[in-house]
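Residue numbers (our numbering): 721 to 974.
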């Protein structure tokens with residue numbers, strides 16, 4: 721048997737294994753590295769207060785570089801399914817204000833979500849579908865009826881964790897276009913709320929007050945517009961169901 725007849729290091733099966741397992745390994749490695757370096761201690765409002773002068777000076781000196789690093793760091797955090805994206809959004813509001821803070825956050829979050837969404841399509845496969853069980857199935861019907869509107873509603877009213885929706889949508893083979901558009905526009909209201917908290921942090925810190933994420937999020941002035949947007953997003957889904965029911969009744973009458 722010649723050397724060419726032996727098993728190849730670049731065999732299709734090995735390439736397939738690397739392609740499928742690679743994203744999982746990267747996500748796991750990213751999370752392990754993040755917590756091993758104790759980086760989460762920097763993602764607190766106390767850390768923001770203690771370092772705000774240095775951060776503000778950095779943004780004023782190198783605004784474009786600061787924006788680029790922030791977007792890349794935020795997207796990477798979302799891509800590895802780091803559970804602290806809301807505090808990063810507050811940081812974005814503190815550093816950049818509502819403009820360009822909100823657009824930067826929406827772009828970064830959508831890019832990071834898209835990365836893990838695409839990875840879940842190739843990397844997780846049937847294994848995660850079986851293990852996720854009822855969790856994925858609880859979203860399956862909504863995506864089947866109207867992918868775009870259902871994705872928009874999930875992002876607008878986050879009943880499920882942000883990272884979980886990214887993976888479930890990939891497992892359920894949601895179209896990338898619907899995932900991207902629904903995510904991009906659906907997270908704008910929430911991003912605006914959390915960015916506003918960061919934007920107001922300077923005043924609160926100067927006054928010696930505590931900045932509360934939940935305190936602003938659950939105020940009527942914040943909740944009412946979000947609830948209104950959720951209702952508007954649900955209207956097409958409800959109308960579609962009513963049309964289906966009417967069609968079934970007509971069929972049964974015939």
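Note that beta-carbon positions come from the ideal geometry of N, C-alpha and C, so glycine has one too. Just so you know, these numbers come straight off a predicted model, no measurement behind them.
- For residue 892, no alpha helix (DSSP H) run applies, since DSSP gives it neither H nor E.
- Note on residue 782: under 16 other CB atoms within 10 angstroms of its CB, so exposed under the neighbour-count rule.
- Each residue's CA atom was taken as its position, placing residue 901 and residue 908 some 11 Å apart.
- Around the beta carbon of residue 866, a 10 Å sphere encloses 16 or more other beta carbons of the protein chains shown; the residue is thus reported as buried.
- Distance from the CA of residue 837 to the CA of residue 774, rounded to the nearest whole angstrom, comes to 35 Å.
- In the structure shown, the three-state DSSP call for residue 803 is coil.
- For residue 782, the secondary structure class from DSSP, reduced to helix, strand or coil, is coil.
- With fewer than 16 other Cβ atoms from the protein chains shown falling within 10 Å of its own Cβ, residue 858 counts as exposed.
- Excluding the 5 residues flanking it on each side, residue 915 has same chain C-beta neighbours closer than 7 Å at 809, 812, 813, 818, 821, 822, 825, in chain order.
- With respect to the 9 Å criterion, residue 906 and residue 863 are not classified as neighbours on the basis of their beta carbons.
- Counting along the chain, the unbroken alpha helix (DSSP H) around residue 873 starts and ends at 867-876.
- Taking the CA atoms as reference points, residue 878 sits about 11 Å from residue 870.
- For residue 868, the closest alpha carbon among the candidates 793, 919, 893 is that of 893.
- Take residue 875, set aside five residues on each side of it, and the residues of its chain with a beta-carbon closer than 7 Å to its own are 902, 903, 906, 907, in chain order.
- The beta-carbon distance between residue 889 and residue 899, rounded to whole angstroms, is 5 Å. This is short enough to meet the 8 Å contact definition.
- Across the structure, residue 778 and residue 786 are spaced so that their CA atoms are roughly 7 Å apart.
- In this structure, DSSP gives residue 919 a helical state, which the three-state scheme calls helix.
- Annotation for residue 827: 791 place their beta carbon closer than 7 Å to its own, counting only its chain and skipping 5 residues before and after.
- With respect to residue 799, residue 835 sits close: the two C-beta atoms are nearer than 9 Å.
- Going by C-alpha positions, residue 897 is about 38 Å away from residue 772.
- Here the alpha carbon of residue 797 sits roughly 17 Å from the alpha carbon of residue 815.
- Rounded to the nearest whole angstrom, the C-alpha separation of residue 951 and residue 958 is 10 Å.
- Around the Cβ of residue 947, a 10 Å sphere holds fewer than 16 other Cβ atoms; the residue is exposed.
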